[in-house]
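Protein chains in written order, with numbering that gives the first Met the number 0: chain L, 0 to 183; chain Y, 0 to 127.
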Amino acid sequence: MHRSLGDFLMDLFQNAVEAGATQIRVEVRQDSSRLHLVVTDNGKGMTPEELRRAQDPFYTDGRKHPDRKVGLGLPLVIQTLEGTGGEFALESRPGEGTKVRAVFNLEHWDTPPEGDWSVVFTQVMAWPGSHDVELVRAWGEGKDHGYQVSRQDLVEAVGSFEDVEALMLLKEYFRSQESMEDGK
Amino acid sequence: MTLQELRAMREAGKKAMDRRIIEDKTIEIVVGMGTCGIAAGAKETLDAFIEELASKDIKNAVIKQTGCMGFCHSEPTVAIHMNGMPDIIYGNVNAETARQIVHSHILEKRLVDKHVFDRPAKDIVKEN
Numbered sequence: 000m001h002r003s004l005g006d007f008l009m010d011l012f013q014n015a016v017e018a019g020a021t022q023i024r025v026e027v028r029q030d031s032s033r034l035h036l037v038v039t040d041n042g043k044g045m046t047p048e049e050l051r052r053a054q055d056p057f058y059t060d061g062r063k064h065p066d067r068k069v070g071l072g073l074p075l076v077i078q079t080l081e082g083t084g085g086e087f088a089l090e091s092r093p094g095e096g097t098k099v100r101a102v103f104n105l106e107h108w109d110t111p112p113e114g115d116w117s118v119v120f121t122q123v124m125a126w127p128g129s130h131d132v133e134l135v136r137a138w139g140e141g142k143d144h145g146y147q148v149s150r151q152d153l154v155e156a157v158g159s160f161e162d163v164e165a166l167m168l169l170k171e172y173f174r175s176q177e178s179m180e181d182g183k
Numbered sequence: 000m001t002l003q004e005l006r007a008m009r010e011a012g013k014k015a016m017d018r019r020i021i022e023d024k025t026i027e028i029v030v031g032m033g034t035c036g037i038a039a040g041a042k043e044t045l046d047a048f049i050e051e052l053a054s055k056d057i058k059n060a061v062i063k064q065t066g067c068m069g070f071c072h073s074e075p076t077v078a079i080h081m082n083g084m085p086d087i088i089y090g091n092v093n094a095e096t097a098r099q100i101v102h103s104h105i106l107e108k109r110l111v112d113k114h115v116f117d118r119p120a121k122d123i124v125k126e127n
């Protein structure tokens, strides 16, 4: 089982990359009691039947690992949300893309801790590929404050994401952005 | 920190690097970040590699993320490819083991025996 809410985001994000998306929008919005993760991509999308199967832990399309019998990414998210009073929604259209929305109940005892978002966002941005990512981060009941940055902007700023120095800078950047919460 | 400040810091770093002799990137570290790896703590493992390489001022390494390498029972898994050492997949690599790999495998060219799991699959690490 995943250890932090950031782990779930990594999983959802990778699904979008593996769906062949060129544009991925990641929204992480939180207030005092809820954390909303929304990942929207323009990947290959799913038919209603594929959408149903994607939520079954004992189904995988076998393309990534031909001998594998399980696909646990989405089922782990769903299981956690069902057990903690969260919400889950999945929309997809073949050829258009997929939108996954997970709302975590931060007040439930069994909801995993958030984890270090600066590490998560660094790793999301550094995930290999030519896709672009738009990250939208917001705190407050509405969208009181937060920040927004694209992978393209960060590539232009720091260059290769495989370089240790660039990765350290990227993390430092996100750490400074995350410190905006509650005026820290 | 603004994007402009980030860019300026990167440029300053690049200039400092230019003054040194720049070695080719001869070390490749690939961290398995599939669902199984993430559940076993691969995020912390990857972060530990970044921090440790930076603290040891190792400039000739690249760090990559990949999906599941097929060894879910030994996650987090890490493939290391570098000159002078055999290609290795390490298993059960937590943050502490990651620091040990940097110290022993990368700096001293000694295997971390307890965590040697396998050779990497050919589609994970490209041959030179």
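Every residue gets a Cβ at the ideal spot worked out from N, C-alpha and C, and that includes glycine.
Neighbour list for residue i in chain L, Cβ cutoff strictly below 9 Å
i         : result
Leu-2/Y   : Val-148, Asp-152, Leu-153, Glu-155, Ala-156, Tyr-172
Thr-150/Y : Residue 150/Y is absent from the model: chain Y starts at 0 and stops at 127.
Neighbourhood of residue i by C-beta, 6 Å cutoff - its chain only, sequence neighbours within 5 removed
i         : result
Gln-22/L  : Asn-41, Asp-131
Thr-83/L  : Asn-104, His-107, Asp-109, Thr-110
Val-123/L : Phe-12
Glu-27/Y  : Val-61, His-80
Gln-147/L : Val-135
Pro-93/L  : Gly-44, Thr-46
Lys-183/L : Because the pLDDT at Lys-183/L is just 48, under 50, the model does not fix this residue reliably, and the value given afterwards should be weighed accordingly. Contacts found: none.
Met-84/Y  : Lys-108
Met-9/L   : none
His-35/L  : Arg-28, Val-102
Pro-112/L : Ser-3
Beta-carbon neighbours of residue i, restricted to chain Y and to distances below 7 Å
i         : result
His-1/L   : Ile-37, Ala-38
Ser-175/L : Met-0
Three-way DSSP call (helix, strand, coil) for residue i in this model
i         : result
Ser-91/L  : strand
Val-157/L : helix
Val-115/Y : strand
Val-163/L : helix
Ile-20/Y  : Low per-residue confidence applies at Ile-20/Y: pLDDT is 40, beneath 50, and the placement is therefore not dependable enough to give any value.
Lys-55/Y  : coil
Asn-127/Y : Bear in mind that a pLDDT of 45 at Asn-127/Y, under 50, signals an unreliable position, so the model cannot answer this.
Ser-73/Y  : helix
Met-81/Y  : strand
Arg-100/L : strand
Thr-65/Y  : strand
Ser-149/L : strand
His-1/L   : coil
Glu-106/L : coil
Val-30/Y  : strand
Amino acids of chain L, ordered along the chain, whose beta-carbon sits closer than 8 Å to that of residue i
i        : result
Val-77/Y : The contacting residues do not exist; Val-77/Y stays about 14 Å from chain L at best.
Ala-11/Y : None at all; the shortest Cβ gap to chain L is about 10 Å.
Ile-57/Y : Val-163
Same chain, Cβ closer than 8 Å to residue i, five either side skipped, listed in chain order
i         : result
Gly-114/L : Arg-2, Ser-3, Leu-4, Gly-5, Asp-6
Ala-165/L : Val-157, Gly-158, Ser-159
Ile-77/L  : Gln-54, Phe-87
Ala-18/L  : Asp-40, Gly-42, Lys-43, Gly-44, Gly-96, Thr-97
Leu-106/Y : Lys-55, Ile-57
Ile-49/Y  : Ile-62
Ser-70/Y  : Contrary to the premise, residue 70/Y reads as Phe rather than Ser in this sequence. The residues are Gly-31, Thr-76, Ile-88, Gly-90, Phe-116, Asp-117.
Interface partners of residue i on chain L, CB under 7 Å
i        : result
Ala-47/Y : Simply none; closest approach about 10 Å.
Lys-63/Y : Pro-127, Glu-161
Thr-44/Y : What Thr-44/Y touches in chain L: nothing, since even the nearest Cβ is about 11 Å away.
Chain-ordered chain Y contacts of residue i [CB-CB under 8 Å]
i         : result
Leu-168/L : Leu-5, Met-8, Arg-9, Gly-12
Cβ-based neighbour list, residue i, same chain, cut-off 7 Å, excluding 5 preceding and 5 following
i         : result
Leu-73/L  : Ala-53, Gln-54
Gly-40/Y  : Pro-75, Asn-93
Phe-120/L : Leu-134, Phe-173
Just by C-beta distance, which residues in the stretch 114 to 131 of chain L are closer than 9 Å to chain Y? Gly-114, Asp-115, Val-118, Val-119, Thr-121, Gln-122, Ala-125, Trp-126, Pro-127
Proximal residues, the stretch 81 to 109 of chain Y versus chain L, C-beta separation under 7 Å: none
Which runs of the alpha helix (DSSP H) at least 4 residues long sit entirely within the stretch 108 to 140 of chain L? Give them in chain order. 116 to 125
May I have a chain-ordered list of the beta strand (DSSP E) segments no shorter than 3 residues that lie completely inside the stretch 8 to 56 of chain L? 22 to 29, 33 to 40
Check each residue of the stretch 73 to 98 of chain L: if its Cβ is closer than 9 Å to any Cβ of chain Y, include it; give the result in chain order. Leu-75
Short of 8 Å Cβ to Cβ, which residues in the stretch 6 to 19 of chain L face chain Y? Within the stretch 6 to 19 of chain L, Asp-6, Met-9, Asp-10, Gln-13, Glu-17 place their CB atoms closer than 8 Å to a CB of chain Y, listed in sequence order.
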